[in-house]
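To start, the structure itself, in structure tokens.
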Amino acid sequence: MPLPWTPVLPISTPRLLLRAHTADDLDDLLQFHSDPEVVRYLPWPVRSIDETRFALLAKVPQARVDSEGQWLVLAVELAETGQVIGEVVLKCVSETEGEIGFALHAGFQRAGYGYEAASTMLSLAFGELALTRVTATLDARNAASAALLEKLGMTRGELVRDRPFKGGLVDELHYAIDVTDHL
22 MPLPWTPVLP ISTPRLLLRA HTADDLDDLL QFHSDPEVVR YLPWPVRSID
72 ETRFALLAKV PQARVDSEGQ WLVLAVELAE TGQVIGEVVL KCVSETEGEI
122 GFALHAGFQR AGYGYEAAST MLSLAFGELA LTRVTATLDA RNAASAALLE
172 KLGMTRGELV RDRPFKGGLV DELHYAIDVT DHL
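Residues in the sequence shown are numbered consecutively from 22, following the working numbering.
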């Protein structure tokens, strides 16, 4: 799909709603943005309430992508309760390629919510947005995310050693899936 990306939101799944962030998401975001275990492999540090508020203000308009390099950022809301338990993102690498990412509150991990949100984002990418390829990059120590990407049908590719990350050096894994491989 040519830019801009303006997906039809919200997107409903059996248990979730993927939607634009709102200012009302602050308390829910703080629960996982301030958790050292959740942000351990993410590019941001543990955030205070003020830092989370600042990040949220940046996320609110990110339900639309106008140019390459921008991120589509969607809140992952539990349909039953309205609680935001995570977020799923898609970077516009080009008009035909995206990069997926996700973060989930620790209390909701290992229950299939991450898979449900990420697979829905892939369906959006290959469907409405008409992308032909989606990639992902992660810290090689993040076994749970690697397993999720593989469950999504993504293929592990390149291993980059000794990439600077949060004051140290880490190995980085790259994954990819093409539209023809998407279920």
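The beta-carbon is built from N, C-alpha and C at its ideal position, and this holds for glycine as well. As the structure is a computational prediction, the values presented were derived from the model and not from experiment.
Inset, instruction - Could you check if threonine 73 is buried or exposed, using at least 16 other CB atoms within 10 Å of its CB as the buried criterion? - result: Taking the first residue of the sequence shown as position 1, residue 73 is located at position 52. With 16 or more Cβ atoms within 10 Å of its Cβ, threonine 73 is classed as buried.
Legend entry - serine 144 versus threonine 201: straight-line alpha-carbon distance, rounded: Reading the sequence shown from its first residue, position 123 is the one you call residue 144. Reading the sequence shown from its first residue, position 180 is the one you call residue 201. If I take the Cα positions, the gap works out to 12 Å.
Legend entry - Touch test, the stretch 48–55 against the stretch 109–122, Cβ-Cβ under 8 Å, three pairs minimum: Between the stretch 48–55 and the stretch 109–122 there are fewer than three C-beta pairs closer than 8 Å, too few to call the two in contact.
Legend entry - valine 29 - containing alpha helix (DSSP H), residue span: Here the question's residue 29 lines up with position 8 in the sequence shown. Careful: valine 29 lies outside any alpha helix (DSSP H) and carries neither H nor E.
Inset, instruction - Buried or exposed for proline 185, please, with buried defined as at least 16 other CB atoms from any protein chain shown within 10 angstroms of its CB. - result: Taking the sequence shown and counting its residues from 1, one reaches residue 185 at position 164. Under this definition proline 185 is an exposed residue.
Inset, instruction - Spatial neighbours of leucine 47 within its chain, please: CB distance less than 8 Å, with the 5 preceding and 5 following residues excluded, ordered by chain position. - result: Taking the first residue of the sequence shown as 1, we reach residue 47 at position 26. If we look at leucine 47 and ignore the five residues flanking it on each side, its Cβ neighbours are Ile70, Thr73, Arg74 and Leu77.
Legend entry - Cβ pair phenylalanine 123, glutamate 101 closer than 9 Å: Working through the sequence shown from its first residue, we reach residue 123 at position 102. Working through the sequence shown from its first residue, we reach residue 101 at position 80. Cβ atoms of phenylalanine 123 and glutamate 101: not closer than 9 Å.
Inset, instruction - Sort Ala164, Leu159, Ser166 and His203 by Cα distance to aspartate 183 and report the nearest one. - result: If you number the sequence shown from 1, residue 183 lands on position 162. Nearest option by C-alpha distance: Leu159.
Legend entry - Residue interval of the alpha helix (DSSP H) (run including histidine 54): Within the sequence shown, residue 54 is the residue found at index 33, counting from 1. Run containing histidine 54: 47–54, per the alpha helix (DSSP H) assignment.
Inset, instruction - Could you tell me the distance, in whole angstroms, from the CA atom of serine 166 to the CA atom of lysine 80? - result: The count along the sequence shown starts at 1 and reaches residue 166 at position 145. The count along the sequence shown starts at 1 and reaches residue 80 at position 59. Roughly 22 Å between the two C-alpha positions.
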